[in-house]
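Visitor: My questions all concern the structure below.
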Amino acid sequence: MEFTEAYKQTGPCCFSPNARYIAVAVDYRLVIRDTLSFRVVQLFSCLDKISYIEWALDSEYILCGLYKRPMIQAWSLTQPEWTCKIDEGPAGIAYARWSPDSRHILTTSEFQLRLTVWSLVNTACVHVQWPKHASKGVSFTKDGKFAAICTRRDCKDYINLLSCHSWEIMGVFAVDTLDLADLEWSPDDSAIVIWDSPLEYKVLIYSPDGRCLFKYQAYESGLGVKSVSWSPCGQFLAVGSYDQMLRVLNHLTWKTFAEFMHLSTVRAPCCAAVFKEVDEPLQLDMSELCLDDDFMRGSADAPEGHFKVRYEVMEVPITLPFQKPPADKPNPKQGIGLLSWSNDSQFICTRNDSMPTALWIWDIRHLELAAILVQKDPIRAAVWDPICTRLVLCTGSSHLYMWTASGAYCVSNPLPQFSITDLKWNRDGSCLLLKDKESFCCAAVPLLPESSDYSSDD
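Going by our numbering, the first residue of the sequence shown is number 750, and it counts up by one from there.
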């Protein structure tokens, strides 16, 4: 892998959908860089510090959320002189997002008073009263023709279906939830999954015309759903719960066909490979080096020895690091907090928040555990390659960790004092964006051969 030099950032960074540009927030400025050459192609100055950025799907426009102001500014890459500013006045702006046609911006006001659709074509706007959430509760069909928006009035949750062409309300129906958490269209646009707050275990499947196709409740009298995700193929729905289990439903009968437990002790029979991150001291032969006294005195203040990191394959049984959440605090760190499908829908990775240093990889085709990655530090992010079956994760250290069906391996970042706290894939799978606290860099990732054997060393 090849790494670029580090560049300054003070906020969000992201690739454009067409994979040609990188947008970076640097205080008040929005910097647009070319993905290949890294030269600056556009520089926009905003009225306040940038809190949030999002590309339009056509990669021609980009919006900046100035939530301290609060205000939205949008810019055009093809027409740099074009500007757009959205200010809701006293209502404020809590969140903003693009519509699928890249010509409308949806904003949610503070206290969820209303959701407004702003047109960049004719400056018209449409209001939807009482949206349920600011950043959640809105989902678009994959073909971009319809939007489902959660609203709440008279202590009841509703789904509003809007046409993304005219922004007229096509239908409204009530849903059987106590406190709706979020919703998401299925990849084939045939159904909408809705799940309730953690206080009530309830997953509901609705048709676009408002019929409840299935109601799923794994248990009662306990904290419920924590994460939900459709598989890219649309045939499976994964539900992660606070009881530390992953359940997978099929799209034909909506019945559970797999339940995966996250136990702190992994015992036989288990065919999964368990990779544990270990430090290995660098063996340097310094017998023939002549060092003066000044150097020796200076080296006494240096950090202790240098290490390289590698994975060691462990034998079962093995006990994973476990943290019992305190019973007297809200939002306990337990349950399936991270849930992500591979691009081919064959694998799904999970993290049980009470075991934050372990990443579980499940094989859906064979309905078994494929691998466990045990890290030294809590896992910050884990993202699948959008092109091939490869998983990349970071833990806040200077290393990248990768897993494929052939094995797991560690990659050292050569940049000094660079701790990887977040990462994103380019859409074509050729490049990774790595974030530190105040800088970012990119790494060119080689294409994965069909049959590749990787060493567990750096």
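Note that beta-carbon positions come from the ideal geometry of N, C-alpha and C, so glycine has one too. This one's a predicted model, so the numbers in the text were calculated from it and none came from an experiment.
Taking the beta strand (DSSP E) that S956 falls in, what are its first and last residues?
Guide: As a first step, residue 956 must be located in the sequence shown, where it is residue number 207. Boundaries cannot be given for S956, as no beta strand (DSSP E) includes it and DSSP labels it neither H nor E.
Visitor: From what residue to what residue does the beta strand (DSSP E) around K1057 run?
Guide: Translated into the one-based positions of the sequence shown, residue 1057 becomes position 308. That run of the beta strand (DSSP E) goes F1056 to M1063.
Visitor: Answer yes or no: do Q861 and W847 have a C-beta to C-beta separation smaller than 8 Å?
Guide: Here residue 861 refers to the residue found at position 112 when the sequence shown is read from its first residue. Here residue 847 refers to the residue found at position 98 when the sequence shown is read from its first residue. Against a cut-off of 8 Å, the Cβ pair of W847 and Q861 comes out as no contact.
Visitor: Can you tell me the Cβ-Cβ gap for S800 and L779, rounded? I've got them flagged as a contact below 8 Å.
Guide: One-based indexing of the sequence shown puts residue 800 at position 51. One-based indexing of the sequence shown puts residue 779 at position 30. About 12 Å separates the two Cβ atoms, so there is no contact after all.
Visitor: Classify E1026 as helix, strand or coil using the three-state DSSP reduction.
Guide: For the purposes of this step, residue 1026 is taken as the residue at position 277 of the sequence shown. E1026 falls in the strand class under three-state DSSP.
Visitor: Given a cut-off of 8 Å, decide if D937 and G971 are closer than it, judged by their beta-carbon atoms.
Guide: By one-based count along the sequence shown, residue 971 stands at place 222. By one-based count along the sequence shown, residue 937 stands at place 188. It is not a contact, given that the beta carbons lie outside the stated cut-off.
Visitor: Go through its chain and collect everything with a Cβ distance to K1082's Cβ below 8 Å, but skip five positions before and after it.
Guide: Taking the sequence shown and counting its residues from 1, one reaches residue 1082 at position 333. Counting only Cβ-Cβ distances below 8 Å, and skipping sequence neighbours, we find Q1072, P1074, D1102, S1103 and P1105.
Visitor: Using 10 angstroms around the beta-carbon of W944, count the other beta-carbons present and answer buried if the total reaches 16, otherwise exposed.
Guide: What you label residue 944 is simply residue 195 of the sequence shown in a count that begins at 1. Result: buried.
Visitor: From the DSSP output, read off the bridge partner residues of W906.
Guide: As a working mapping, residue 906 is identified with position 157 in the sequence shown. Residue identity differs from the one stated: residue 906 is Asp in this sequence, not Trp. Note: D906 sits in a beta bridge opposite R901.
Visitor: Would you be able to state if there are at least three C-beta pairs under 8 Å between the stretch 1060 to 1068 and the stretch 1170 to 1179?
Guide: no
Visitor: Determine the extent of the beta strand (DSSP E) in which M750 is found, giving its start and end residues.
Guide: Reading the sequence shown from its first residue, position 1 is the one you call residue 750. Per DSSP, M750 belongs to no beta strand (DSSP E) and is neither H nor E.
Visitor: Let me know the secondary structure DSSP gives P880 once reduced to three states.
Guide: Counting from one through the sequence shown, the residue named residue 880 turns up at place 131. Correct three-state label for P880: strand.
Visitor: Between K891 and the rest of its own chain, which residues show a CB-CB distance below 8 Å, the 5 nearest in sequence each way excluded?
Guide: As a working mapping, residue 891 is identified with position 142 in the sequence shown. Excluding sequence neighbours, K891 sits near W934, P936, D937 and D938.
Visitor: Going along the chain, which residues of its own chain have a beta-carbon closer than 6 Å to the beta-carbon of L948, five neighbours each way excluded?
Guide: Numbered from 1 along the sequence shown, position 199 holds the residue referred to as residue 948. Same-chain partners within the cutoff: there are none.
Visitor: Taking K1186 as the reference, give the member of Y968, V775, L953 and R1139 with the closest Cα.
Guide: Reading the sequence shown from its first residue, position 437 is the one you call residue 1186. Answer by Cα proximity: V775.
Visitor: Going along the chain, which unbroken runs of the beta strand (DSSP E) with 3 or more residues stay wholly within the stretch 1073 to 1102?
Guide: 1085 to 1090 and 1096 to 1101
Visitor: Can you tell me which of the three DSSP states G971 falls into?
Guide: Working through the sequence shown from its first residue, we reach residue 971 at position 222. If DSSP states are grouped into helix, strand and coil, G971 belongs with coil.
Visitor: Could you give the DSSP three-state label for E1053: helix, strand or coil?
Guide: In the sequence shown, counting from the first residue as 1, residue 1053 sits at position 304. Reliability of the predicted coordinates at E1053 is poor, the pLDDT of 40 falling under 50, and the value obtained from them is presented with this limitation in mind. Coil at E1053, not helix or strand.
Visitor: By the three-class DSSP mapping on this structure, what secondary structure does L1108 have?
Guide: Position 359 of the sequence shown, counted from the start, is the residue given in the question as residue 1108. L1108 falls in the strand class under three-state DSSP.
Visitor: Provide the residue span of the beta strand (DSSP E) that contains V988, from first to last.
Guide: On the sequence shown, position 239 is the one that residue 988 refers to. It spans F985 to S990 - the beta strand (DSSP E) in which V988 sits, taken as one unbroken run.
Visitor: Give every residue of the same chain whose Cβ lies closer than 6 Å to the Cβ of G1178, excluding the five residues on either side of it in the sequence, and list them in chain order.
Guide: The residue labelled residue 1178 in the question sits at position 429 within the sequence shown. Here the set comprises D1134, P1135 and I1136.
Visitor: Do C899 and K881 have their CB atoms nearer than 8 Å?
Guide: Here residue 899 corresponds to residue number 150 of the sequence shown, with the count starting at 1. Here residue 881 corresponds to residue number 132 of the sequence shown, with the count starting at 1. Yes, these two residues count as a Cβ contact at 8 Å.
Visitor: Hey, how far is the Cα of I781 from the Cα of E917?
Guide: Your numbering for residue 781 matches position 32 in the sequence shown. Your numbering for residue 917 matches position 168 in the sequence shown. Those two C-alpha atoms are separated by around 35 Å.
Visitor: Under 8 Å by Cβ, that's how I've got L696 and K1004 pegged, so tell me the actual separation to the nearest angstrom.
Guide: Because residue 696 is not part of the residues shown, which for the chain are 750 to 1207, the question remains open.
Visitor: Measuring alpha carbon to alpha carbon, tell me which residue in G1156, V1123 and S1155 is nearest C1143.
Guide: To locate residue 1143, count along the sequence shown from 1; it is residue 394. If we check each option's Cα against that of C1143, V1123 comes out closest.
Visitor: Suppose you measure from the CA of I771 to the CA of S976; what does that come to, to the nearest Å?
Guide: Locating residue 771 in the sequence shown gives position 22, where the first residue counts as 1. Locating residue 976 in the sequence shown gives position 227, where the first residue counts as 1. Per the coordinates, the alpha-carbon of I771 lies some 29 Å from the alpha-carbon of S976.
Visitor: Need the endpoints of the beta strand (DSSP E) that L774 sits in, please.
Guide: Here residue 774 is taken as the residue at index 25 of the sequence shown, counted from 1. The displayed chain sequence assigns Ala, not Leu, to residue 774. Start and end: Y770 to V775.
Visitor: Would you please state the rounded distance, in angstroms, between the beta carbons of K1025 and E969? I believe it to be under 8 Å.
Guide: Residue 1025 sits at position 276 when you count from the first residue of the sequence shown. Residue 969 sits at position 220 when you count from the first residue of the sequence shown. Not quite, the Cβ-Cβ distance comes to about 37 Å (not below 8 Å), so this is no contact.
Visitor: Cutting at 7 Å between CB atoms, please list the residues of its own chain near N767, excluding the five before and the five after it.
Guide: By 1-based counting over the sequence shown, the position of residue 767 is 18. Once the five neighbours on either side are set aside, the close Cβ partners of N767 are S808.
Visitor: Identify which residue in N1175, A845, Y1150 and N1092 has its Cα closest to the Cα of E859.
Guide: Mapped onto the sequence shown, residue 859 falls at position 110. When each option's Cα is compared against that of E859, the closest is A845.
Visitor: Go ahead and label E837 buried or exposed: buried means 16 or more other beta carbons lie within 10 angstroms of its beta carbon, across all protein chains shown.
Guide: Translated into positions along the sequence shown, residue 837 becomes position 88. Label assigned to E837: buried.
Visitor: Compute the Euclidean distance between the alpha carbons of A1192 and V1141, then round it to the nearest angstrom.
Guide: Sequence index remark: in the sequence shown, residue 1192 carries index 443 (1-based). Sequence index remark: in the sequence shown, residue 1141 carries index 392 (1-based). In this model, A1192 and V1141 are separated by some 12 Å (Cα to Cα).
Visitor: Once the 5 residues before and after Q1095 are set aside, which same chain residues still bring their CB inside 8 Å of it?
Guide: Here residue 1095 refers to the residue found at position 346 when the sequence shown is read from its first residue. The residues are D1112, I1113, R1114 and T1138.
Visitor: On the DSSP bridge assignment, give the partners of G814 in chain order.
Guide: Numbered from its first residue, the sequence shown carries residue 814 at position 65. Its beta-bridge partners are Y801 and I821.
Visitor: What separation, rounded to the nearest whole angstrom, lies between the Cα atoms of C762 and W804?
Guide: Residue numbering aside, residue 762 sits at position 13 when the sequence shown is read from its first letter. Residue numbering aside, residue 804 sits at position 55 when the sequence shown is read from its first letter. Cα to Cα, C762 sits roughly 11 Å from W804.
Visitor: Pick from V942, A1021 and G989: whose alpha carbon is nearest that of A1007?
Guide: Here residue 1007 refers to the residue found at position 258 of the sequence shown. When the alpha-carbon of A1007 is set against those of V942, A1021 and G989, the nearest one is in G989.
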